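Engineer: Residue numbering for the sequence shown follows my numbering, beginning at 160 and increasing consecutively. In this text, a Cβ means the ideal position worked out from N, Cα and C, and glycines have one as well. These figures come from a predicted structure and were not determined experimentally.
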Amino acid sequence: MTDRNDELFERARAVIPGGVNSPVRAYGSVGGTPRFLVSARGPMVTDAAGTDYVDLVASWGPALLGHAHPEVVEAVQAAASRGLSFGAPTGAEVELADLIASRVVVGDARPIERVRLVSTGTEATMTAIRLARGVTGRDLLVKFAGHYHGHSDGLLAAAGSGVATLALPGSAGVPAPIAAQTMVLPYNDLDAVRAAFETHGDDIAAVIVEAAAANMGVVAPLPGFNAALAEIAHAHGALLIVDEVLTGFRVHPAGFWGLQATQGEVYTPDILTYGKVVGGGMPLAALAGRADVMEHLAPTGPVYQAGTLSGNPLSVAAGLATLRLATPEVYERVDAAASVVASALSDALTAAGVVHTVPRAGSLFGVAFSAEAPRDYAGALGQESWRYPPFFHAMLDAGVSLPPSVFEAWFLTAAHDDDALGRIVDALPAAARAAAQALGPVALAQ
Numbered sequence: 160m161t162d163r164n165d166e167l168f169e170r171a172r173a174v175i176p177g178g179v180n181s182p183v184r185a186y187g188s189v190g191g192t193p194r195f196l197v198s199a200r201g202p203m204v205t206d207a208a209g210t211d212y213v214d215l216v217a218s219w220g221p222a223l224l225g226h227a228h229p230e231v232v233e234a235v236q237a238a239a240s241r242g243l244s245f246g247a248p249t250g251a252e253v254e255l256a257d258l259i260a261s262r263v264v265v266g267d268a269r270p271i272e273r274v275r276l277v278s279t280g281t282e283a284t285m286t287a288i289r290l291a292r293g294v295t296g297r298d299l300l301v302k303f304a305g306h307y308h309g310h311s312d313g314l315l316a317a318a319g320s321g322v323a324t325l326a327l328p329g330s331a332g333v334p335a336p337i338a339a340q341t342m343v344l345p346y347n348d349l350d351a352v353r354a355a356f357e358t359h360g361d362d363i364a365a366v367i368v369e370a371a372a373a374n375m376g377v378v379a380p381l382p383g384f385n386a387a388l389a390e391i392a393h394a395h396g397a398l399l400i401v402d403e404v405l406t407g408f409r410v411h412p413a414g415f416w417g418l419q420a421t422q423g424e425v426y427t428p429d430i431l432t433y434g435k436v437v438g439g440g441m442p443l444a445a446l447a448g449r450a451d452v453m454e455h456l457a458p459t460g461p462v463y464q465a466g467t468l469s470g471n472p473l474s475v476a477a478g479l480a481t482l483r484l485a486t487p488e489v490y491e492r493v494d495a496a497a498s499v500v501a502s503a504l505s506d507a508l509t510a511a512g513v514v515h516t517v518p519r520a521g522s523l524f525g526v527a528f529s530a531e532a533p534r535d536y537a538g539a540l541g542q543e544s545w546r547y548p549p550f551f552h553a554m555l556d557a558g559v560s561l562p563p564s565v566f567e568a569w570f571l572t573a574a575h576d577d578d579a580l581g582r583i584v585d586a587l588p589a590a591a592r593a594a595a596q597a598l599g600p601v602a603l604a605q
C-alpha cells in the first residue's frame, strides 16, 4: 500500500534528479521513501500523509527557536508586505551586520569588524576562499577530510596518496587542476598540518576548517586544535577560515568560536562564515572578519563578489528576529534538551548491548556505532554504520524524525518541551533493539 509520500516521490523522480533537490533528503543511506513535509510548528513536522513527527532535523539547524516561531513569521510577513526584493541596500541589512559583529565577542576578543551578506553557505565559503587568495596572492587551500564547506568545485576534493600531496577530484565534473589547488589532510592531526606547511607553506593561501566537524557525524576539535591552526597559518603568512555555517549562533550566542573562547581557547580567525541560524530558516549566509581582510572585497577591493538576492529583505527580517530572540535562556533550554536526549540515547543503546558513543560539540551530538568516538574521517567511516538504518526507521515508525544519515548531527530546539522529549525518550529502546538486531554488511550482501 502506498501513501501520499510514495506518490510524491514517484512523481518527483520523473521531474527532479533523484527526486530531491539536495541528496541526503533521498534517504539513500537509510532506504525507504523520504517524507514530503507540508508544515512544521514548534518541535513538530507533518508529512504529506498527515503524520506528525517530533523533529530532530530542525531544517538542518536553522530552527533554533523551533519551527515557525510566531515572531519570526510575523517579521517575514511584514517584510514581504513591503516588497520581496529590491536589489538595493536596506537599513535592515546594516542592522543584521551590526548584530552579527556584536554577538561574536568574548572579553576583549572581537574577530569581526566587517560582514558581507550572501545567500547560501556554499556562496559564503566560496567567497571566503576567493578572498583569502586575493589577500595573500597564493593559490593553495588546506581543508580536512570529512569536512563539508559547500559544493563549489575546489571543495569537492578527495585526499591524495600522502599527507603533503595535492588532491584529486571528489566529484564528477570537477577538473583535476582545480582539485589540485586543495590539500586534504586528516582532521585533528597537527603534525599533518605542519608537514603540509613545511612542503607548501609559501603557496598556501588559507586553511579552512569547520569550527566543529558536523558533516561526518559530530567530531569536535581536540583541545587547542583550532588555536594551533591559527598559529601555524599565521606563522606562514596564510589565513584561517573558520566555517560556522552550521555551528554559528547554534551552540552558543557567539558560535563555536565563542564557546571555545569562554572555555579559555581564544584564537583569531581571519574569516568566519555563517549560515543556517543567521537566516532564521530563510536563504541567507554571511562571511565576516577583520576589516583589513574584508575590505579586499569589491567595491573597495579587487576581489569580486556580487548577488542579486544578497541581503534579501525577507531573509534579513528572519535573521534579525531569530538572533534577537536567541537569548542566553534559549541556549540553556537547547543545551538541556540535548543533554536529555543524548543521555537517553546512550542508555538505550547500552541496555540493548550496542557498542556506541555519543559524540558531542556543544548542543550538537549524534550517534557513532564504535567503541571510541571518532576523531577524524577514517574513524567515522570505520564505525558499524549499517546499524543506523533500522534504528532510524524504528524511530520514524514511533513518530520521531531523525537525520536520514548516521553522518549528520541531531538538532534540538528551544521548542522541544517535556512532551516532545518524552516521545523521543520513549521511542529509543525499541530503536536500540533494532540496531542490536541489524545484519552486518556481509550478511546483507548475501
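Can you tell me whether Val174 is buried or exposed? The criterion is at least 16 other CB atoms within 10 Å of its CB, across all chains shown.
Structural biologist: exposed
Engineer: Suppose the cutoff is 6 angstroms on Cβ atoms and the five residues either side in sequence are ignored; what does the same chain contact list for Val493 look like?
Structural biologist: Ser522, Leu571, Ala573
Engineer: Please work out which residues of its chain come closer than 8 angstroms, Cβ to Cβ, to Gly466, disregarding the five sequence neighbours upstream and downstream, and give them in chain order.
Structural biologist: Val277, Ser278, Glu282
Engineer: Go ahead and pull the three-state DSSP assignment for Ala323.
Structural biologist: Any reading at Ala323 must be qualified, since the residue scores a pLDDT of 47, below 50, and its modelled position is unreliable; the value itself is stated next. Coil.
Engineer: Let me know the secondary structure DSSP gives Glu230 once reduced to three states.
Structural biologist: DSSP places Glu230 in helix when its eight states are reduced to three.
Engineer: By Cβ distance, which residues of its chain are closer than 7 angstroms to Glu254, with the 5 residues on each side in sequence left out?
Structural biologist: Correct list, in chain order: Leu479.
Engineer: May I ask which residues mark the beginning and end of the alpha helix (DSSP H) holding Thr427?
Structural biologist: DSSP places Thr427 in no alpha helix (DSSP H); its state is neither H nor E.
Engineer: Helix, strand or coil, according to DSSP, for Ala530 in the structure here?
Structural biologist: coil
Engineer: Using the C-alpha atoms, what's the distance from Leu405 back to Leu300?
Structural biologist: 21 angstroms
Engineer: For my contact list, Val513 and Phe528 are in at a C-beta cut-off of 8 angstroms; report their separation, rounded to the angstrom.
Structural biologist: 7 angstroms
Engineer: Measuring CB atoms only, is the region 288 to 306 touching the region 331 to 351, in the sense that at least three cross pairs come out at less than 8 angstroms?
Structural biologist: yes
Engineer: Do Ala501 and Phe524 have their CB atoms nearer than 8 angstroms?
Structural biologist: yes
Engineer: Going by alpha carbons, who is nearest to Ala371 out of Asn385, Arg292, Val204, Ala185?
Structural biologist: Selected option, being the one with the closest Cα: Asn385.
Engineer: Given this structure, state the Cα-to-Cα distance separating Pro563 from Trp545, to the nearest angstrom.
Structural biologist: For Pro563 and Trp545, the gap between their C-alpha atoms comes out near 13 angstroms.
Engineer: What would DSSP say about Thr358, mapped onto helix, strand or coil?
Structural biologist: helix
Engineer: Just tell me which of Gly414, Leu431, Asp362, Glu230 has its CA closest to the CA of Ala389.
Structural biologist: Measuring from the Cα of Ala389, the nearest candidate turns out to be Leu431.
Engineer: In its own chain, which residues sit with a C-beta less than 8 angstroms from the C-beta of Glu230, not counting the 5 before and 5 after it?
Structural biologist: Taken in chain order, the residues that qualify are Ala480, Leu484.
Engineer: CB Pro428 to CB Arg262, shorter than 8 angstroms?
Structural biologist: For Pro428 and Arg262, no; Cβs fall outside 8 angstroms.
Engineer: In terms of alpha-carbon separation, which member of Leu598, Gln596, Phe566, Gly558 lies closest to Leu580?
Structural biologist: By alpha-carbon distance to Leu580, the top candidate from Leu598, Gln596, Phe566, Gly558 is Gly558.
Engineer: Taking DSSP's pairing of strands, which residues face Asp206 in a bridge?
Structural biologist: Leu196
Engineer: So for Ile391, helix, strand or coil by DSSP?
Structural biologist: helix
Engineer: Does Asp211 get closer than 8 angstroms to chain D when you measure Cβ to Cβ?
Structural biologist: Going by chain labels, chain D is absent from the structure shown, which holds only one protein chain.
Engineer: Rounding to the nearest angstrom, what Cα-Cα distance links Asp162 and Pro549 in this structure?
Structural biologist: 20 angstroms
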